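S.K.:
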């Protein structure tokens, strides 16, 4: 009887010392990473438009407009414009890489090529809205983005968002690149 009582006491003591199991909380960077992922997904209609109309993938004028608009918004929010410029440069480069990947796929397998040219203006409106969301999230998460926990939070957010959006290897690599300047 004493052994059973002692064993029971030990089990209760062990359970009271062990931390409670809890579900992992989402990363505070998840909304920022999800906006970046959504922005990457605009590569599909943008590339389809360029493929069908013979447009060039790279558009330095538009890229500069995006960089200028996002750094101006950063400056107005008292954020480091150079940081925001680097984030959006990576985002643009990742999106361009996805567009090249899509062009390659369509060239090698014409049956998968788009048959219509989606409206580029509508895609750009979506991109502009996501850019604004990203700057808002950068402002909201500034302390996290500059903390020692940033890398772990970023890895968690990227994995979660990539899985939720069912990203293929091309989009997953692009998301990794698009977020590569987040942690400082």
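Residue numbers (mature numbering (1 follows the signal peptide of the UniProt record, and there is no 0)): -23 to -1, 1 to 161.
Every residue gets a Cβ at the ideal spot worked out from N, C-alpha and C, and that includes glycine.
A quick note: this is a predicted structure, and the numbers were derived from the prediction, not measured.
Count the other C-beta atoms from every protein chain shown that fall within 10 angstroms of the C-beta of residue 9, then say buried if there are 16 or more, exposed otherwise.
M.R.: The residue is buried, with at least 16 neighbouring Cβ atoms inside 10 Å.
S.K.: Residue range of the alpha helix (DSSP H) that residue 144 falls in?
M.R.: Looking at the DSSP string, residue 144 is not in any alpha helix (DSSP H), and its letter there is neither H nor E.
S.K.: How would you write the range of the alpha helix (DSSP H) that residue 76 sits in, first residue to last?
M.R.: That run of the alpha helix (DSSP H) goes 58 to 85.
S.K.: Measuring straight from C-alpha to C-alpha, what distance separates residue 56 and residue 116?
M.R.: For residue 56 and residue 116, the distance between alpha carbons rounds to 7 Å.
S.K.: Just checking, does the segment 131 to 139 make contact with the segment 53 to 70 on the three C-beta pairs under 8 Å criterion?
M.R.: Flag = no, the segment 131 to 139 and the segment 53 to 70 do not touch.
S.K.: For residue 129, count neighbouring C-beta atoms within 10 Å of its own C-beta (all shown protein chains included) and say buried if the count is 16 or more, exposed if not.
M.R.: Label assigned to residue 129: exposed.
S.K.: For the candidate residues 13, 67, 109 and 150, whose alpha-carbon lies nearest to that of residue 49?
M.R.: Residue 49 has its Cα closest to that of 109, out of 13, 67, 109 and 150.
S.K.: Check this for me: beta carbons of residue 111 and residue 68, under 9 Å apart or not?
M.R.: The answer is yes: Cβ separation under 9 Å.
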